[in-house]
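In my numbering, the protein residues as written are 8 to 164.
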């Protein structure tokens, strides 16, 4: 005869957002909660986070820049009004496009750039440019970029 063993039963929890009953593995841990799990499932939590990012891109750029400045020990004095997202990349002239899901994974996605990488995220030292322009620029000096251009021209690239 097979006996019921509650320890072998799958642990379930109801998501307070979507109302679905799911395995506890589908929930993030949250030490502040009685059961140690977040009240929304991972899928709903990710959707909420994406919605917040899409609703206010400037605020999201500001939040990410502040965290990065703290991590790298850089100066930070920006406000939301200091971050202006233009229609076109000021470097390459291409239209800036926000991808579905808000991810910065295409050449024309808007990214926050420090104009002078030796300075922090401070007023007058940031601009929104395309991911491609930011990737090309990276932390190269003007002299290094000139050498790259000269090399490309020499080889007709």
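Backbone N, C-alpha and C define an ideal beta-carbon position, used for all residues, glycine too. All values derive from a computational prediction rather than experimental measurement.
CA-to-CA, the gap between residue 120 and residue 138 works out to about 9 Å. Secondary structure at residue 45: strand, using DSSP grouped into helix, strand and coil. Residue pairing from DSSP leaves residue 55 without any beta-bridge partner.
Residue 56 places its beta carbon 8 Å or farther from that of residue 97. Under DSSP, residue 30 takes part in a beta bridge, and its partners are 19. Within the same chain, Cβ atoms closer than 7 Å to the Cβ of residue 87 are found at 65, 66 and 69, the five residues on either side in sequence being excluded. Straight across, the Cα-Cα distance linking residue 20 with residue 60 is about 27 Å.
The beta carbon of residue 132 is closer than 7 Å to those of 121, 122, 123 and 126 in its chain, skipping five residues each way along the sequence. The region 27–36 makes contact with the region 45–54: 3 or more CB pairs, one atom from each, lie closer than 8 Å. Nearest to residue 18 by C-alpha distance, out of 25, 39 and 43, is 43. Positions of the beta strand (DSSP E) runs, each at least 3 residues long and wholly inside the region 53–126, are given as 117–121 in order along the chain.
With fewer than 16 other Cβ atoms inside 10 Å of its own Cβ, residue 164 counts as exposed.
With contacts defined as CB atoms closer than 8 Å, residue 74 and residue 85 fail to qualify as a contacting pair. If you draw a straight line from the Cα of residue 113 to the Cα of residue 145, it is about 16 Å long. Annotation: residue 130 to residue 106 spans about 27 Å, alpha carbon to alpha carbon.
Residue 63 and residue 29 have their C-alpha atoms spaced approximately 31 Å apart.
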